[in-house]
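Numbering (our numbering), first residue to last: -5 to 414.
Even for Gly, the Cβ is constructed at its ideal location relative to N, Cα and C.
Data block below; observations after.
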Ligand code: GLU
């Protein structure tokens, strides 16, 4: 099986077929700038100690300091973290943010821990990577199974190590610790803006459009609520324990309440449905909002949705791209569709550096404006180059990175005897 990273590189190759850019850029993007692997020791409440594997990767910093989340998940490993850091590089470039890409994680299932153990794990991870990150070099944020509280512990640990208040070292913090209004809902909000903008371009209405969401963490929940409020019919949602569906539309507020009270969506009414069936159900919009590679060559041919909104990072494996294109399934790619989170992270970092905070309406307005503009830019480019939206996104990202690379000179500029 190809590694996750091989799949990610395949998308660069697809974009390179349509543009002339310096070979230097492709070479730089073939491997990360720097990758760190650490042991993260955790003292359990009962006195035992376990050392977990932790990672942080700065993939590329041509456009600014590395930026990207930290996930706690048993499947975290070097290939996954590098690939996620690569996707962050593309995402920040597509959004025109002054950041490169980074990512981190610990190979652990945090659901088994007490709150005190989770705090010790968060602080121990920062102890191990503190020299590798910083407000001007690499700025972490939340990702799968981490949240504002975890970011708060991490920012506080960095403060202790640095002996200085540096809230701009981590984004997605609690508001009381310098977090931004609107960051908690930003990924779901951003995905909603991308979908709405495309719906407008297609001349389609929310009313009568059905939506299924695979993964009901923070981003999936916020997206579900925005869709329901706008008049879409959310007919199915799922989490790791399975899903529920109701052709008449689920009561999203009730499902969110059940998920938060009982830990899963399964008791929130509707008929039970497996994650696998949700992916292939008859629906207009399918939004995978959990982990990578849920749509592969095994099930891509069975996807019945007309539109996929990639709220997760990498939910469609690259091996499935061709089948989806052949079947005219329109994919709103992750590096645009889930970029609302890092966009408000950028707002948070900017606010921290100025110690000057924006109200919720300002954040919401600026997020919407950026998401709508980026979506139009990408859709226009897809039309101009006659390519799918993902390839257009990679084209735009690569061109941004090339501009920064060319500013200091590429091989074409330095080549001896170039005849200039
Ligand atoms: N983890 C999020 C992502 O994958 C957010 C990253 C950030 O805010 O830096 O986009």
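Open item on the list: Quick check on the DSSP output: what are the complete alpha helix (DSSP H) runs of length 4 or more inside the stretch 139 to 227, in order along the chain?
Closed with: Counting whole runs of 4 or more residues, the stretch 139 to 227 contains the alpha helix (DSSP H) stretches 142 to 156, 180 to 196 and 212 to 224.
Task: Completely contained beta strand (DSSP E) runs for the stretch 310 to 380, where each covers 3 or more residues - done: For the stretch 310 to 380, whole beta strand (DSSP E) runs of length 3 or above, ordered along the chain, are 324 to 326.
Task: residue 78 in three-state terms, based on DSSP - done: The DSSP-derived three-state label of residue 78 is helix.
TODO: Please confirm whether any heavy atom of the ligand GLU lies closer than 8 Å to the CB of residue 123.
DONE: In this structure, the ligand GLU has no non-hydrogen atom nearer than 8 Å to the beta-carbon of residue 123.
Task: Alpha carbon of residue 258 to alpha carbon of residue 398, nearest angstrom - done: Looking at the backbone, the Cα of residue 258 and that of residue 398 are separated by about 45 Å.
Open item on the list: Could you give the first and the last residue of the continuous beta strand (DSSP E) run that contains residue 66?
Closed with: Going by DSSP, residue 66 is part of the beta strand (DSSP E) stretching over 64 to 66.
TODO: Would you mind reading off the limits of the alpha helix (DSSP H) that contains residue 1?
DONE: Start and end: -2 to 10.
Task: Beta-carbon contacts of residue 74 that lie in its chain and below 8 Å, excluding the five residues immediately before and after - done: In the same chain as residue 74, and ignoring 5 residues on each side of it, the C-beta atoms closer than 8 Å to its own belong to -2, 99 and 286, in chain order.
Task: Interface flag, residue 386 vs chain B, CB-CB below 9 Å - done: Absence of chain B from the displayed structure is noted, only one protein chain being present.
Task: With 16 other Cβ atoms within 10 Å as the buried cut-off, status of residue 356 - done: So residue 356 counts as exposed.
Task: Cβ-Cβ distance between residue 173 and residue 142 below 9 Å - done: Their beta carbons are under 9 Å apart, which means residue 173 touches residue 142 by this criterion.
Task: Rounded separation between residue 237 and residue 20 - CA only - done: Using only the alpha carbons, I get a separation of about 41 Å.
Open item on the list: Taking DSSP's pairing of strands, which residues face residue 60 in a bridge?
Closed with: Partner(s): 94 and 132.
Task: Identified DSSP bridge partners for residue 267 - done: Assignment of beta-bridge partners to residue 267 by DSSP yields 237.
TODO: Let me know if residue 343 comes out buried or exposed under the rule of 16 or more other beta-carbons within 10 Å of its beta-carbon.
DONE: By the neighbour-count criterion, in which 16 or more other beta carbons inside 10 Å mark a residue as buried, residue 343 falls on the buried side.
Task: Through-space distance from residue 139 to residue 362, alpha-carbon basis - done: Taking the straight line from one Cα to the other gives about 26 Å.
Open item on the list: At a threshold of 8 Å, does residue 420 count as lining the ligand GLU (C-beta to nearest heavy atom)?
Closed with: Given that the chain is displayed from residue -5 to residue 414, the structure contains no residue 420 and the question cannot be resolved.
TODO: May I ask you to list the residues that DSSP assigns as paired with residue 392?
DONE: Bridge partners of residue 392: none, in fact.
Task: Inter-stretch contact (C-beta, 8 Å, three-pair minimum) for the stretch 6 to 21 and the stretch 388 to 404 - done: Result yes; three or more Cβ-Cβ pairs closer than 8 Å.
Open item on the list: Taking the beta carbon of residue 43 as the centre, do at least 16 other beta carbons fall within 10 Å, making it buried, or is it exposed?
Closed with: By the neighbour-count rule (16 or more Cβ atoms within 10 Å), residue 43 is not buried but exposed.
TODO: Using only the heavy atoms of the ligand GLU, determine whether one of them is closer than 8 Å to the beta carbon of residue 201.
DONE: No, Cβ of residue 201 sits at least 8 Å from all heavy atoms of the ligand GLU.
- [ ] Give a single yes or no on whether residue 269 has its beta carbon closer than 8 Å to a heavy atom of the ligand GLU.
- [x] Outside the cutoff, so no.
TODO: Consider the C-beta atom of residue 167 and the heavy atoms of the ligand ZN; say whether any pair is separated by less than 8 Å.
DONE: Summarising the ligand content, the structure contains the ligand GLU and does not contain the ligand ZN.
Open item on the list: Which residue wins for smallest C-alpha separation from residue 222, given the options 182, 379, 194 and 105?
Closed with: Residue 222 has its Cα closest to that of 182, out of 182, 379, 194 and 105.
TODO: Verify the contact flag: residue 305, CB atom, against every heavy atom of the ligand GLU, threshold strictly below 8 Å.
DONE: Residue 305 Cβ: outside cutoff for every heavy atom of the ligand GLU.
- [ ] In the DSSP assignment, find the unbroken beta strand (DSSP E) run with residue 26 in it and report its ends.
- [x] Looking at the DSSP string, residue 26 is not in any beta strand (DSSP E), and its letter there is neither H nor E.
Task: Same chain, Cβ closer than 6 Å to residue 272, five either side skipped, listed in chain order - done: Result list for residue 272: 206, 208, 230, 232 and 237, in chain order.
Task: residue 137, buried or exposed, once every other Cβ within 10 Å from all chains shown has been counted against 16 - done: By the neighbour-count rule (16 or more Cβ atoms within 10 Å), residue 137 is buried.
Task: Identity of the residue in 59, 71, 335 and 89 nearest residue 371 by Cα - done: Comparing Cα-Cα distances from residue 371 to each of 59, 71, 335 and 89, the minimum goes to 89.
TODO: Look at residue 305 and residue 185 and say whether their C-beta atoms are less than 9 Å apart.
DONE: Annotated as proximal: residue 305 and residue 185, with beta-carbon spacing under 9 Å.
Task: DSSP beta-bridge partners of residue 46 - done: DSSP output for residue 46 lists 34 as bridge partner(s).
Task: residue 282 - containing beta strand (DSSP E), residue span - done: Counting along the chain, the unbroken beta strand (DSSP E) around residue 282 starts and ends at 279 to 282.
Task: Beta-bridge partners of residue 99, as assigned by DSSP - done: For residue 99, which the question treats as bridged, DSSP gives the partners 49 and 65.
TODO: Evaluate residue 265 with the Cβ neighbour count: other Cβ atoms within 10 Å of its Cβ, from every protein chain shown; 16 or more gives buried, anything less gives exposed.
DONE: Counting the other CB atoms within 10 Å of its CB gives residue 265 a total below 16, which places it among the exposed residues.
Task: Residues sharing a beta bridge with residue 260, DSSP - done: According to DSSP, which records beta bridges pairwise, residue 260 is partnered with nothing at all.
Task: Between the CA atoms of residue 321 and residue 296 - distance to the nearest angstrom - done: Between the alpha carbons of residue 296 and residue 321 lies a distance of about 10 Å.
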